[in-house]
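S.K.: With the first letter of the sequence shown counted as 1, position 38 gets the number 691 in the working numbering; the numbers rise by one all the way through.
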Amino acid sequence: MTALPTDQATDLRRMMANHEAAVLPIAKATRTAKVIAVASGKGGVGKTSIAVNLAITLSKRGRRVVLIDADLGTANIDVAMNIHSAHDLSHVIRGERSLDDVAVRVDENLSVIAGASGIAGVADLGAFERQRLLEALGRMERESDVILLDCGAGISQNVLAFAQTAHRLLLVTTPEPTAVADVYALVKVLSRTPITPPIGLVVNCADSAREGRMVSDRVASVAARFLSVAIDDFGQILRDENMPLSIRRRSPLVSLVPRSTAARGVAILADRILSGDNGANPTPGFFRKLFGHFY
Ligand SMILES: Nc1ncnc2c1ncn2[C@@H]1O[C@H](COP(=O)(O)OP(=O)(O)O)[C@@H](O)[C@H]1O
Ligand SMILES: [Mg+2]
Numbered sequence: 654m655t656a657l658p659t660d661q662a663t664d665l666r667r668m669m670a671n672h673e674a675a676v677l678p679i680a681k682a683t684r685t686a687k688v689i690a691v692a693s694g695k696g697g698v699g700k701t702s703i704a705v706n707l708a709i710t711l712s713k714r715g716r717r718v719v720l721i722d723a724d725l726g727t728a729n730i731d732v733a734m735n736i737h738s739a740h741d742l743s744h745v746i747r748g749e750r751s752l753d754d755v756a757v758r759v760d761e762n763l764s765v766i767a768g769a770s771g772i773a774g775v776a777d778l779g780a781f782e783r784q785r786l787l788e789a790l791g792r793m794e795r796e797s798d799v800i801l802l803d804c805g806a807g808i809s810q811n812v813l814a815f816a817q818t819a820h821r822l823l824l825v826t827t828p829e830p831t832a833v834a835d836v837y838a839l840v841k842v843l844s845r846t847p848i849t850p851p852i853g854l855v856v857n858c859a860d861s862a863r864e865g866r867m868v869s870d871r872v873a874s875v876a877a878r879f880l881s882v883a884i885d886d887f888g889q890i891l892r893d894e895n896m897p898l899s900i901r902r903r904s905p906l907v908s909l910v911p912r913s914t915a916a917r918g919v920a921i922l923a924d925r926i927l928s929g930d931n932g933a934n935p936t937p938g939f940f941r942k943l944f945g946h947f948y
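As C-alpha cells, then:
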C-alpha cells in the first residue's frame, strides 16, 4: 500500500483538532477517528487475535490507534498482549480513574484500554456512568485516527450497541458451519435495527483462500437475498499455528512472526481498511451516538 495522501490530511486534522481543543473545548467537538467494531456470532473465532494484530499493523503504518477491549464479559486483550494494567475500563466507568490513567501506551502510535471485568454490559450502566464514559471516550475519538473495538460474541445489547454505531463493522467467522450460522444470525438481528453500518466479513482459520472466499460468498449472497444487507469480502486469514503460538508466547503474531501466513492476511486486511480511508469525517461522534447524549 502506498503512502496515502491521508498522512497530510492526518496532520491537518491533528492541527485542526488541537486548534479546536484550544478554542472550542467541547460544544463543537468534531470526530477524527474512524471507529471499527470487531464482532462475531460465535466466540473463539479469532476476534481478539485479529483486533490485536490489526491494531499493531495500523499503528505501524502511522495511524494513531486505540484498541479497546469492549468485550465487557470476557475481556482478554491484556492477556493476549501481555499487558499488566492494574486498572481498566471499569475504573473509568466507576469514575475512579481517567482514561489516560487506564490507557497503556504500547507503542508510539498504539494505546490499549483493557476491558472492564465485572460489568454486565453498557446497557446496564447508569446515566451518570454513561456520561462519564462518553466524555472520556469522546475525547479519545478526537485524539486518534482509528479506534478498534474488540466486541464480545453473539447478539447481546452490548454488541449491538457498539456494532450499530461504528463506521465499519468487521465480522469474523471461521468456515465452521456453526460459526457461519451464528454470524448470519447476528447480521439478521442487525438488519432489523435502525442503523446497520457497512459490514466487512473476515473468514479466519480457512484452510485455503478458496475455502475462505467460498464461505464469504455464501454469507454475502444469503444476506443479500434474504436480508437485503450488503456484506463486503474483507479477506481471509488462513489457519496458521503461529497464531496460537503467539498467544502462548504472549507476543502478538505480527511482531513475533511477521512473515507468517496469518500475519500476511492481517496486512491485507489493513490495506483493505485503509483503502477506504480518505481522511473524511463521515458521521457524528460514535460515542455520542452510542450513549444517546449530546455534550
Ligand atoms: N488464523 C488462525 N489460525 C489458527 N488459530 C487461530 C487463528 N486465529 C485465532 N486462532 C486461535 O483461536 C483461538 C481463539 O481466538 P481468539 O482471538 O481468542 O477468539 P475470540 O476473540 O473470537 O474469542 C485462540 O487460541 C487463537 O490462537
Ligand atoms: Mg476475544
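The beta-carbon is built from N, C-alpha and C at its ideal position, and this holds for glycine as well.
#1: May I ask you to report which of helix, strand or coil DSSP gives residue 856?
#2: Can you have a look at residue 816 and say buried or exposed, based on whether 16 or more other CB atoms are within 10 angstroms of its CB?
#3: DSSP three-state call for residue 835: helix, strand or coil?
#4: For residue 929, collect the residues of the same chain with a Cβ closer than 6 Å to its Cβ; drop the 5 residues on either side in sequence, then sort them by chain order.
#5: For residue 759 and residue 734, what's the separation of their Cα atoms in angstroms?
#6: Measuring only the C-alpha atoms, how far is residue 862 from residue 831?
#7: Write down the C-beta distance between residue 687 and residue 820 rounded to the nearest angstrom, noting that I regard them as a contact closer than 8 Å.
#8: Work out the CA separation of residue 894 and residue 693 for me, nearest whole Å.
#9: Taking 7 Å as the cut-off, is the beta-carbon of residue 700 closer than that to any non-hydrogen atom of ligand 2?
#10: What are the residues that DSSP puts in a beta bridge with residue 688?
#11: Quick one, are the C-beta atoms of residue 707 and residue 923 less than 8 Å apart?
#12: With a CB to CB cut of under 6 Å and the five nearest residues on each side skipped, what residues in its chain are close to residue 903?
#13: Quickly, what does DSSP pair residue 810 with across the bridge? List them, please.
#14: Express the C-alpha separation of residue 762 and residue 727 in angstroms, rounding to a whole number.
#15: By the three-class DSSP mapping on this structure, what secondary structure does residue 699 have?
#16: Just checking, does the stretch 735-752 make contact with the stretch 827-847 on the three C-beta pairs under 8 Å criterion?
#17: Touching or not, the stretch 717-724 and the stretch 850-861, by the rule of three or more beta carbon pairs under 8 Å?
#18: Using 7 Å as the cut-off, classify the Cβ of residue 857 as near or not near the heavy atoms of ligand 1, replying yes or no.
#19: Can residue 689 and residue 823 be called in contact, C-beta distance under 8 Å?
M.R.: Reading it off the structure:
#1: strand
#2: Of the residues assessed, residue 816 falls on the buried side of the cut-off, its CB having 16 or more other CB atoms within 10 angstroms.
#3: helix
#4: Closer than 6 Å at Cβ, skipping near neighbours: no residue.
#5: 9 Å
#6: Cα-Cα distance, rounded: 20 Å.
#7: 5 Å
#8: Using only the alpha carbons, I get a separation of about 21 Å.
#9: yes
#10: 800
#11: In this structure, residue 923 lies closer than 8 Å to residue 707 by Cβ.
#12: 735
#13: Residue pairing of residue 810 in beta bridges, as defined by DSSP: absent, with no partner found.
#14: 26 Å
#15: In this structure, residue 699 counts as coil in the three-state DSSP scheme.
#16: no
#17: Fewer than three pairs of CB atoms, one per stretch, sit closer than 8 Å, so the stretch 717-724 makes no contact with the stretch 850-861.
#18: yes
#19: Cβ atoms of residue 689 and residue 823: closer than 8 Å.
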